[in-house]
Amino acid sequence: MIMDPRDSPNGERYRLFQEALEIAPPWFVKEARLNQDRRRLDIILDFPKGSRFKCPECGCEYTAYDTRLREWRHLDFFQHATHIFAPLPRVKCETCGVRTVEVPWAGRGSGFTILFEALAVEYSRDLPVSKAAKKLRISDDTLWRMLRRSVAGALEKQDLSNVFAVAIDETSWRKGHKYVTFVFDYCTKRLIFATEGRGSDTLALFAGHLRRHGGDPLRITEVCCDMSPAYIKGVEENLPRATITFDKFHVVKAMNDALDEVRRRESADCAELKGTRWYWRRNEKDLSAGQRDSLERACLSGACRQTGKAYRMKILLQQILDAGFGLTREEARGRLKGWYRWALLCRIPEVAAVGRMIKRHFEGILRWFQSRMTNGMVEGYNSVLRAGRAIARGFRTVGNVILKSFLMAGKLEFDFPKNIWNPL
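Each residue of the sequence shown is one higher than the one before, starting from 43 at the first, in my numbering.
Put into structure tokens, the structure is as follows:
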């Protein structure tokens, strides 16, 4: 009969560690060594002679064939870095051969415990990885390796069988036209795919990713994206049953950019335009009384007549798009068509270019009045990622950008015990 070591005097002495670590038989805490000078706690685990362990492949039980001493970094004990040591057994399975036993506290193929890896992931969701590594007292490179392993494991289990509507957008991660394309499940608001670049081939890669995870490109019926020719081509070639909704915020942004170009062109001859750059981009309801007066004076000035006209056209375009819930599709069609016809005849080259853009992509822009899809959530996420990038002073590789993105927006399910941090 194998005696439970917890019934020995030493077992009582280390019962606190035994229970806190939730170590189950045959494992027990053999010794704990606290080094206050180094602020380090070493916990030594062991098992009674004759204990039986399961083969990790077939599940048959055997006694230990041999052992190898292993070390794992664990959660800190107050201010002390905690390390767990244990003789990791191997079993000689009649079917599978010699195999190393899996122990419940260890991350797979890692020198860290599962709880330490879980804490590292939680820190890295919200903090720059450099700051998370500092709190964990490990190097940046070590933390990045741990995160890659955890995220890769979670992505392997990704289930995309119910995805039918997606939002597509890109973000710049480094100067020199370095981009990453993101694809979000529109219904669950989660990031499901990311890859370097913003060409049509990124959607081919997404279609392959869908198939590998239970999805089907033919089941994608709704797509929201900007008016990038590459994305349009990619959707048509790889998601053939999808109807595109062009993000209305990109339409308004294009008009804001055109208005800014007109203002810049006329500002040399119009003193009223000095210092008003950001006023023109704001919504009417967000202007102060003084800002509104400045715009009215500029609009009445003969020297900046085109800026005033472009501003009124921008306001009307916003009103058409913002009134979407109160318009039928045919009412919206008439108003939007009337706007772009006005833009084409307004004799303001910058605004006429916006009119041509709307005419060219008319059905996709009009689609918003039916689908109500926008890229607002993706744009909001991108702004958070850009802020995180600024705090971290940039990402060294595109892989790190994608990894951090999945941590923040992927809603991934990791192989960690449930309710670690909030058990009640």
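In this text, a Cβ means the ideal position worked out from N, Cα and C, and glycines have one as well. These numbers come from a predicted model, not from an experiment.
### Task
Identify every run of the alpha helix (DSSP H) within the region 340-387, keeping only runs that are complete inside it and at least 4 residues long; order them along the chain.
347-364, 371-387
### Task
Can you give me the Cβ contacts of Val225 inside the same chain, cut-off strictly under 8 Å, excluding the 5 residues immediately before and after it?
Val208, Ala209, Ile210, Leu233, Ile234, Phe235, Ala236, Phe248
### Task
Could you tell me whether the Cβ atoms of Leu130 and Arg150 are closer together than 7 Å?
The Cβ-Cβ distance between Leu130 and Arg150 does not fall below 7 Å.
### Query
Under three-state DSSP, which class holds Gly149?
coil
### Query
Thinking C-beta only, is Ala196 closer than 7 Å to Leu454?
Between Leu454 and Ala196, the C-beta spacing is below 7 Å.
### Query
In chain order, what residues of the same chain lie with their CB nearer than 7 Å to the CB of Lys401, ignoring the 5 residues before and after it?
Tyr382
### Message
Under 8 Å, with one C-beta from each stretch per pair, do the region 139-157 and the region 175-194 reach the 3-pair mark?
### Response
yes
### Query
Applying the criterion that 16 or more other CB atoms from any shown protein chain within 10 Å of the CB defines a buried residue, is Pro170 buried or exposed?
Pro170 comes out buried.
### Three CB pairs or more closer than 8 Å across the region 94-103 and the region 54-61
Segments in contact, no.
### Task
For Glu392, count neighbouring C-beta atoms within 10 Å of its own C-beta (all shown protein chains included) and say buried if the count is 16 or more, exposed if not.
buried
### Task
Spatial neighbours of Ala175 within its chain, please: CB distance less than 8 Å, with the 5 preceding and 5 following residues excluded, ordered by chain position.
If we look at Ala175 and ignore the five residues flanking it on each side, its Cβ neighbours are Ser181, Asp182, Thr184, Leu185.
### Cβ pair Asp302, Asp268 closer than 7 Å
no
### Task
May I ask you to list the residues that DSSP assigns as paired with Leu130?
Arg110
### Query
Taking the C-alpha atoms as reference points, what is the distance between Ile85 and Trp147?
13 Å
#### Entry: CB of Ser203 within 7 Å of CB of Gly250, strictly
no
### Query
Expressed to the nearest angstrom, what Euclidean distance is found between the alpha-carbon atoms of Arg80 and Val440?
Distance between the alpha carbons of Arg80 and Val440: 37 Å.
#### Entry: Contacting residues, own chain, Cβ-Cβ under 6 Å from Glu73 (five flanking each side not counted)
Excluding positions up to five away in sequence, the list reads Ile86.
### Query
So which of Glu326, Asn298, Thr349 has the shortest CA-CA distance to Ala313?
Thr349
### Query
DSSP state of Arg232, grouped into three classes?
strand
### Query
Quick one: Cα of Arg179 to Cα of His125, how far?
About 13 Å.
### Query
Short check: CB of Trp410 to CB of Thr287, under 7 Å?
yes
### Query
Can you tell me whether Lys227 is buried or exposed, with buried defined as 16 or more other CB within 10 angstroms of its CB?
Note that residue 227 corresponds to Asp in the displayed sequence, not to Lys. Buried is the call here.
### Query
Can you name the start and end residues of the alpha helix (DSSP H) that Gly441 belongs to?
440-451
### Query
Between which two residues does the beta strand (DSSP E) harbouring Leu76 extend?
70-77
### Message
On a Cα-Cα basis, can you pick out the residue from Val145, Thr370, Val265, Glu164 that is closest to Pro98?
### Response
Nearest option by C-alpha distance: Val145.
### Query
With burial defined as no fewer than 16 other Cβ atoms inside 10 Å of the residue's Cβ, what is the status of Trp320: buried or exposed?
exposed
### Query
Near Asp201, what residues of its chain come up, given a Cβ to Cβ distance below 7 Å and the 5 sequence neighbours on each side ignored?
The beta carbon of Asp201 is closer than 7 Å to those of His255, Gly256 in its chain, skipping five residues each way along the sequence.
### Query
Roughly how many angstroms lie between the CA atoms of Ile390 and Phe456, to the nearest whole one?
55 Å
### Task
Specify, as a first and last residue, the run of the alpha helix (DSSP H) that Asp227 falls within.
First-last for Asp227: 220-227, but that is the beta strand (DSSP E), not the alpha helix (DSSP H).
### Message
Rounded to whole angstroms, what is the Cα-Cα separation between Ser172 and Phe127?
### Response
27 Å
### Query
When the Cα of His116 is compared with those of Val140, Ala160, Asp88, which residue comes out closest?
Ala160
### Query
To the nearest angstrom, how far is it from the Cα of Glu113 to the Cα of Thr155?
9 Å
### Query
Do Glu212 and Arg240 have their C-beta atoms closer together than 7 Å?
yes
### Message
For the beta strand (DSSP E) containing Arg414, name the first residue and the last one.
### Response
From DSSP, Arg414 is part of no beta strand (DSSP E); its letter is neither H nor E.
### Query
Which value, in whole angstroms, describes the spacing of the CA atoms of Cys135 and Asp108?
12 Å
### Query
Applying the criterion that 16 or more other CB atoms from any shown protein chain within 10 Å of the CB defines a buried residue, is Cys266 buried or exposed?
Under a 10 Å Cβ-count criterion, Cys266 is classified as buried, with 16 or more other Cβ atoms of the shown protein chains found around its own Cβ.
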